[in-house]
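In our numbering, the protein residues as written are 2 to 352.
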């Protein structure tokens, strides 16, 4: 092997090796493990197996045909695990749900059966992209179908990521990066007949380290990239009847009970009182009220402060802010000016 081949081997194999290591990390070592992290681990594992086959077949042509077949059939699981990971993050299923098996078991059985009756050693022409390479075209068609399904699930998130007016977070970027990264690897393998066979492996190394950079960067900002926390809004809207009920309950909590006066009030506290999940409350406020939780709660605090500024001459402006739930005078002034257009002092002077 000459020096140039050694360099190619190193960089193409490096991504596959580290992909295997990281798959073990997500499966067994990460602190917060869930179905989503297991699916991500499985995705990295099957891609790494596929890439490892490509690397050794390129530089060591005497590799076992059985290993070649394992690497080829691993492609049949790349699409399903990508889809399951994206689906689990966007729309988490109950912990005891086994619906994911419908995507894995039939394909696993198919892999075993095809490997037994049409082994690569005797039917290699079926595994190559040529007019009669039926297994190869089936493999790439199935992989592409799952990529398209994953993109469909992420359609609203993709719009958010590429929109200048929408609020984006690290998890949005991560999911879109993973899907398009797998898509990039797919295209590299699909077209390597016109370029170079090793291009697929190199594309994985490039994509792998790009995703690692994104992960490390976002992890420093404490963004949960791999957990099965539901994406805001997910893919389903809150029913009209439920939204109406939430509106009545919220009005009672904030107007009657004045819970906004509690400066320590959090989204989770209100959600608990409403007996719903935090992300459902956040979704309701954004979809039906057009506000984030912080803006919603500040609107009530400012409204209460407005009444007190007009009627109470005993408390200082800062004391009124504290009474209304603001933790500091600066946050009170900022929120009041944002909503009313003037500061509390200007408002009181004008009244």
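Yeah, the Cβ is synthetic: ideal placement off N, Cα and C, and Gly gets one too.
Nothing here was measured: the structure is a model prediction, and the numbers come from that model.
What three-state label does DSSP hand residue 131 in the structure shown? Reduced to three states, the DSSP call for residue 131 is coil.
Judging by CA-CA distance, which residue of 282, 303, 339, 350 is the nearest neighbour of residue 314? With distances taken between Cα atoms, residue 314 lies closest to 350.
For residue 187 versus residue 138, is the C-beta distance shorter than 8 Å? The answer is no: Cβ separation not under 8 Å.
Pull up the CB-CB distance for residue 183 and residue 83, whole angstroms please, since I reckon it's below 8 Å. Rounded, the Cβ-Cβ distance is 5 Å, consistent with contact.
Would you be able to state if there are at least three C-beta pairs under 8 Å between the segment 324–338 and the segment 298–307? These segments touch.
If you reduce the DSSP assignment to three classes, tell me which class residue 101 lands in. In this structure, residue 101 counts as coil in the three-state DSSP scheme.
Residue from 40, 72, 128 whose Cα sits closest to the Cα of residue 105: Comparing Cα-Cα distances from residue 105 to each of 40, 72, 128, the minimum goes to 40.
Return the chain-ordered list of same chain residues with a C-beta closer than 7 Å to the C-beta of residue 119, the five sequence neighbours on each side being excluded. Hits under 7 Å: 127, 136.
At the level of alpha carbons, what is the spacing between residue 107 and residue 81? So the two alpha carbons sit approximately 11 Å from each other.
Whole-Å CB distance - residue 336 paired with residue 299, under 8 Å assumed: With a Cβ gap of about 4 Å, residue 336 and residue 299 count as contacting.
For residue 33, does the three-state DSSP call read helix, strand or coil? The answer is coil: DSSP assigns residue 33 none of H, G, I, E or B.
Quick check: residue 101 and residue 85, are their CB atoms within less than 8 Å of each other? Less than 8 Å divides the Cβ of residue 101 from the Cβ of residue 85.
For residue 72, count neighbouring C-beta atoms within 10 Å of its own C-beta (all shown protein chains included) and say buried if the count is 16 or more, exposed if not. Result: buried.
For the alpha helix (DSSP H) containing residue 157, list its first residue and its last residue. Counting along the chain, the alpha helix (DSSP H) containing residue 157 begins and ends at 156–162.
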